[in-house]
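*Asks:* Take this structure first; my questions come after.
There are 2 protein chains.
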Amino acid sequence: MHLELDGTGALYEQLTRALKRGILGGHLGGGSKLPATRDLASDLQVSRNTVLTAYDLLCSEQLAVARGGSGTYVAHNMAPRTSPSARYTVRPQSRYAARTRRLGPNMLARTQASVRYDLHCGEPLLSPSLVSAWRNELGKAALHTELRYPPLQGLPVLRQAICDHIARRRGVLADPDDVVIVSGTQQALSLVARVLLDDVHRVVIEDPRYELAFQALRAHGCRIVSVRTDEDGLVTSDLPKASVRLVYVTPSHQFPSGSTMSLSRRMELLAYASERRCWILEDDYDGEFRFDSKPIPALRSLDVRDRVIYVGSFSKIVFPSLRLGYVVCPKALVGDLVAAKKLADLGCPAIEQTAMAEFIRSGRLERHLRRGTAELRRRRNCLIDGIRSHAGKHIRLIDSRAGMHLTGWLPGFTYARLAKLIELGRQRGLGLHAIHHHYSVVPDTPGLILGFASLSHIQIGNATKVLGACLDDV
Amino acid sequence: MHLELDGTGALYEQLTRALKRGILGGHLGGGSKLPATRDLASDLQVSRNTVLTAYDLLCSEQLAVARGGSGTYVAHNMAPRTSPSARYTVRPQSRYAARTRRLGPNMLARTQASVRYDLHCGEPLLSPSLVSAWRNELGKAALHTELRYPPLQGLPVLRQAICDHIARRRGVLADPDDVVIVSGTQQALSLVARVLLDDVHRVVIEDPRYELAFQALRAHGCRIVSVRTDEDGLVTSDLPKASVRLVYVTPSHQFPSGSTMSLSRRMELLAYASERRCWILEDDYDGEFRFDSKPIPALRSLDVRDRVIYVGSFSKIVFPSLRLGYVVCPKALVGDLVAAKKLADLGCPAIEQTAMAEFIRSGRLERHLRRGTAELRRRRNCLIDGIRSHAGKHIRLIDSRAGMHLTGWLPGFTYARLAKLIELGRQRGLGLHAIHHHYSVVPDTPGLILGFASLSHIQIGNATKVLGACLDDV
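Going line by line, the protein sequences match chains A and B.
If you're matching positions, the first sequence starts at 3 in my numbering and goes up one per residue.
If you're matching positions, the second sequence starts at 3 in my numbering and goes up one per residue.
In structure tokens, the structure reads:
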């Protein structure tokens with residue numbers, strides 16, 4: 003009898019699994035006698051005790067039966083079975099699964115890890131000093147954090163710290179009872195969709211759009227209406243006359259175009275929402291990094307009718323693999339959102355929440371943001387200077403007063419030529435990312451999203467040189 | 003003009019917010035002149051610079067306009083607005099929200115924090131030594147964990163460690179490519195529901211049932227069929243003849259009855275699933291804590307047709323506020339499950355994953371489990387002895403070879419008398435929990451779930467004394 007040991011764990015465990023595979027696979031039929039322990043031991047070059055233990059375990063699992071002196075037999079109810087197939091596919095088992103299979107790729111993933119300079123905008127600024135600071139917070143937090151199930155809505159100490167933080171930085175006055183801790187903007191979107199949207203409901207998203215928000219809404223199942231944006235943000239005069247349940251916007255720094263929503267547009271949007279009793283989701287993903295005097299307060303700070311669901315995340319301002327964010331929720335929706343959070347995952351990890359609360363309370367987050375903004379300004383200026391000097395005649399750069407990326411348009415370029423440019427860049431170790439993937443209506447002029455957060459100013463300088471050379475050569 | 007400063011942040015920020023509230027609240031109408039900076043400064047007893055800064059900020063937000071010498075005016079497009087209402091309710095905005103509002107209370111929450119001895123089963127064993135061990139793991143992990151967006155499916159190093167662990171402890175041979183890291187059993191349920199279930203689909207759950215699984219499925223929206231269990235687990239002969247999409251079971255230790263599913267029932271369930279091409283979700287919530295020789299291998303270890311979705315969690319075996327678990331997924335469903343995880347939260351926090359991988363790899367988890375099992379056995383024996391000696395004539399105790407709770411039945415009791423007992427217990431500092439809340443068909447005999455994990459053996463001794471006294475007095 004051929005038995006293959008898989009090398010995992012103790013010998014008797016390997017032997018038990020091998021015999022079990024034989025029994026379940028039908029190679030050892032129901033009622034058949036297992037080899038004498040002495041014979042099997044010598045066949046396999048293992049001790050007889052190993053075999054005895056394995057047989058005992060099979061019996062304790064009722065897969066085999068020991069018959070006094072006559073030996074051990076495979077249980078009778080073991081009919082031969084076929085072995086499992088290799089990776090195979092089934093048709094989508096739910097409408098949700100069917101929709102997810104139709105979605106595009108994950109825009110956050112680096113296109114090619116191979117590339118030397120990737121002007122990707124999914125990767126924020128990461129500072130080594132942050133690692134040790136965060137490590138200390140975690141260590142302290144681990145000592146005095148409650149280990150039992152955390153409060154579903156989030157730790158009160160963190161919700162209070164967030165209220166103080168956004169009052170200072172974003173002009174948002176929030177009640178800790180209206181804050182729900184989530185594991186980031188993505189979860190906020192998914193929970194808000196569950197609480198607000200059925201498949202019949204209309205949702206307005208910006209065009210161009212943040213792809214993962216679009217994907218979350220598309221997968222959830224609802225009617226998506228794209229409304230164009232310009233240099234003043236969402237064009238509110240284009241908002242649908244038909245009933246709308248939710249408007250998803252990035253007012254502080256439209257993604258990816260980079261525009262900031264003007265006050266009059268903000269007022270029009272708020273009026274639209276309160277007239278139609280619909281909701282606004284404000285995704286403030288990088289509103290804290292602004293390069294002019296003061297950050298522009300969040301849309302939520304103008305929301306006297308309590309229609310704005312404000313979503314903040316620590317992914318961009320601290321680090322993405324932290325997976326922590328928050329929702330400032332209209333009072334009418336807090337209960338439903340907490341219920342959705344409970345059923346989604348019973349709340350966020352507690353130690354991280356304690357650590358983040360102290361990170362905010364101690365002022366370390368504020369310092370980190372000041373340093374981060376200064377460093378981002380430096381990198382942004384390098385990108386602007388580099389492009390002006392190496393690629394100025396090809397690229398029309400749209401400046402932006404906030405965030406981690408700029409947009410560069412290529413007047414006179416065809417999309418074929420853009421594809422060539424991106425491929426040439428790849429060959430020369432430069433990761434370039436077209437902007438039109440984010441548009442529902444592809445613009446006439448091709449353009450690039452130029453992320454500058456994850457490269458040093460020296461790298462950015464080199465990247466722009468390579469970019470200039472590529473542009474000259476296509 | 004009355005202005006109320008909220009005391010949060012710098013004075014100029016407080017003043018800006020107060021003025022903004024005045025403008026947005028309509029108390030300062032569009033076009034009206036703001037007080038002269040000197041007057042306001044002396045009114046409020048603040049420096050004139052504070053007022054100047056506040057006015058500048060209002061102008062930068064276009065809420066006010068500075069007119070050379072003549073002063074600062076409220077912008078004209080500011081119509082008077084009503085102030086926000088206090089916490090109010092709206093009708094459910096989605097079918098999901100409507101369903102969640104109809105759900106029962108959260109069974110994990112302690113009934114009364116006031117109670118001295120709570121025989122609650124939602125609280126696992128927590129050891130102080132674990133805290134320092136986990137703290138060290140976190141500290142080490144923080145130093146070498148990737149800060150960028152984590153892999154959606156989970157860190158490969160953790161998926162590998164889990165495969166080794168469950169091969170050793172649960173007899174499950176899994177391929178790391180089929181493991182998806184989730185934030186616990188609750189998220190596993192919610193994601194599996196999204197991938198497998200539309201509202202037309204039937205799901206079988208056990209009766210009695212784990213309430214949070216029931217709630218997640220109910221909220222998701224599907225047709226729930228309860229099938230009774232006995233001392234051999236799910237009564238497979240009662241499985242519906244109609245088409246079923248998913249069967250949710252707790253075979254290692256049925257919750258809350260405590261029975262273990264027999265081999266023949268396991269085989270019948272697997273046959274049922276493969277004949278009907280339906281799926282089985284095996285919730286192995288505490289299968290690792292067994293008090294007899296070896297843990298019984300998971301149902302998944304018998305699954306040669308790849309129909310079992312195996313769900314493991316670190317909530318019970320490490321600590322609940324960690325929020326980390328895993329799914330061993332049939333190959334056919336891995337892609338859909340990872341897509342659902344991506345859209346739900348973009349993956350689990352990375353530092354915890356690194357720490358858990360090392361916690362397993364180093365053998366610390368295994369040691370922790372050995373110690374934990376020994377301690378749980380001690381506490382369980384205390385509970386059994388205590389009840390035999392103090393409440394033996396009232397309670398028929400059902401022993402169980404695994405887990406963190408026992409069930410005690412009260413023959414001859416009415417439900418009215420049970421209610422009296424629970425109330426009397428509460429008055430005397432004893433938290434008692436009726437089992438019938440977990441049944442869809444309320445049993446004739448009332449009973450209690452007796453959780454013993456979160457109390458020391460001394461506390462358990464005292465608790466049983468109090469229980470005995472209460473039983474004699476009702």
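Backbone N, C-alpha and C define an ideal beta-carbon position, used for all residues, glycine too.
Using CA atoms only, rank isn't needed, just tell me which of A/K243, A/M358, A/A341 and A/L46 is closest to B/I99.
*Replies:* Rather than Ile, the amino acid found at residue 99 of chain B in this sequence is Ala. Of the listed residues, the one whose Cα sits closest to B/A99 is A/A341.
*Asks:* Taking the alpha carbon of A/G1 as the point to measure from, which residue in A/K142, A/T252 and A/C384 has its own alpha carbon closest?
*Replies:* Residue 1 of chain A is absent from the model: chain A starts at 3 and stops at 476.
*Asks:* Does the beta-carbon of B/L7 have 16 or more other beta-carbons within 10 angstroms, so that it is buried, or is it exposed?
*Replies:* exposed
*Asks:* On the three-pair Cβ rule with 8 Å, is the segment 153–173 of chain B touching the segment 326–333 of chain A?
*Replies:* no
*Asks:* The alpha helix (DSSP H) spanning B/L154 covers which residue range?
*Replies:* Here B/L154 belongs to no alpha helix (DSSP H), and DSSP marks it neither H nor E.
*Asks:* Whole angstroms is fine: what's the gap from B/F293's alpha carbon to B/N138's?
*Replies:* 30 Å
*Asks:* Give the straight-line distance between the Cα atoms of A/L473 and A/L420, rounded to the nearest whole angstrom.
*Replies:* 9 Å
*Asks:* Under the rule that 16 or more other beta-carbon atoms within 10 Å means buried, what is B/Q188, buried or exposed?
*Replies:* buried
*Asks:* Could one say the Cβ of B/R302 lies closer than 8 Å to chain A's Cβ atoms, at least one of them?
*Replies:* no
*Asks:* What residues from the segment 148–161 of chain B come within 8 Å of chain A, judged by C-beta to C-beta, listed N to C?
*Replies:* E148, L149, R150, Y151, P152 and L154
*Asks:* Which residues in chain B have a C-beta closer than 9 Å to the C-beta of A/A221? List them in chain order.
*Replies:* R196, A341, A342 and L345
*Asks:* Going by the CB atoms, is the gap between A/D401 and A/L412 shorter than 8 Å?
*Replies:* In this structure, A/L412 lies away from A/D401, with their beta-carbon atoms at least 8 Å apart.
*Asks:* Beta-carbon of B/E377 versus every beta-carbon of chain A: anything under 8 Å?
*Replies:* no
*Asks:* Can you give the Cα-Cα distance for B/L154 and B/V184, rounded to whole angstroms?
*Replies:* 10 Å
*Asks:* When you check each C-beta in the segment 10–21 of chain A against every C-beta of chain B, which residues fall closer than 9 Å?
*Replies:* T10, G11, A12, E15, T18 and R19
*Asks:* Which residues of chain B have a Cβ atom closer than 9 Å to the Cβ of A/C123, listed in chain order?
*Replies:* None at all; the shortest Cβ gap to chain B is about 12 Å.
*Asks:* Show which residues of chain B have a CB atom less than 9 Å away from the CB atom of A/P253.
*Replies:* Going along chain B, no residue has its Cβ under 9 Å from A/P253, so there is no contact; the nearest lies around 12 Å.
*Asks:* CB-CB under 6 Å to A/A143, same chain, minus the five flanking residues each way: which ones, in chain order?
*Replies:* I353, T356 and A357
*Asks:* For B/L510, name the three-state secondary structure that DSSP assigns.
*Replies:* There is no way to answer for residue 510 of chain B, as the model of chain B reaches only from 3 to 476.
*Asks:* For A/I298 and chain B, any beta-carbon pair shorter than 8 Å?
*Replies:* yes
*Asks:* Do B/S96 and A/D200 come within 8 Å of each other at the CB atom, strictly closer than that value?
*Replies:* yes
*Asks:* Between which two residues does the alpha helix (DSSP H) containing B/H370 stretch?
*Replies:* R366 to A393
*Asks:* If we ignore side chains and look at the alpha-carbon of each, how far apart do A/V181 and A/G314 end up?
*Replies:* 11 Å
*Asks:* Considering only residues of the same chain and omitting the five flanking positions on each side of A/E377, which have a CB-CB separation below 7 Å?
*Replies:* L127
*Asks:* Going by CA-CA distance only, name the one from A/A77, A/T238, A/F321 and A/V229 that's closest to A/A496.
*Replies:* With chain A running from 3 to 476 in the structure shown, residue 496 of chain A is simply not present.
*Asks:* Return the residues of the segment 318–338 of chain B that lie within a Cβ-Cβ distance of less than 7 Å from chain A, sorted by chain order.
*Replies:* F321, P322, S323, L324, R325, K333, A334 and D338
*Asks:* Does the Cβ of A/L17 have 16 or more other Cβ atoms within 10 Å, making it buried, or fewer, making it exposed?
*Replies:* buried
*Asks:* Could you tell me the boundaries of the alpha helix (DSSP H) in which B/M75 lies?
*Replies:* Rather than Met, the amino acid found at residue 75 of chain B in this sequence is Tyr. It is not in any alpha helix (DSSP H) - B/Y75 instead sits in the beta strand (DSSP E) that spans G73 to V76.
*Asks:* Assign A/R325 to buried or exposed, taking buried as 16 or more other Cβ atoms, counted over all protein chains shown, within 10 Å of its Cβ.
*Replies:* buried
*Asks:* Which residues bound the alpha helix (DSSP H) around A/G141?
*Replies:* P130 to H146
*Asks:* Go ahead and pull the three-state DSSP assignment for A/V237.
*Replies:* coil
*Asks:* Name the one or two DSSP bridge partners that A/G433 has.
*Replies:* A/D120
*Asks:* Can you pull the chain A neighbours of B/D166, defined as C-beta to C-beta under 9 Å?
*Replies:* T10 and G11
*Asks:* Please list the partners that B/T91 has in chain C, where partner means a Cβ-to-Cβ separation under 7 Å.
*Replies:* The structure shown contains no chain C; its protein chains are A and B.
*Asks:* Using only the alpha-carbon positions, how far apart do B/V227 and A/D305 sit?
*Replies:* 45 Å
*Asks:* Report the partner residues of A/V310 according to the DSSP bridge assignment.
*Replies:* A/I282
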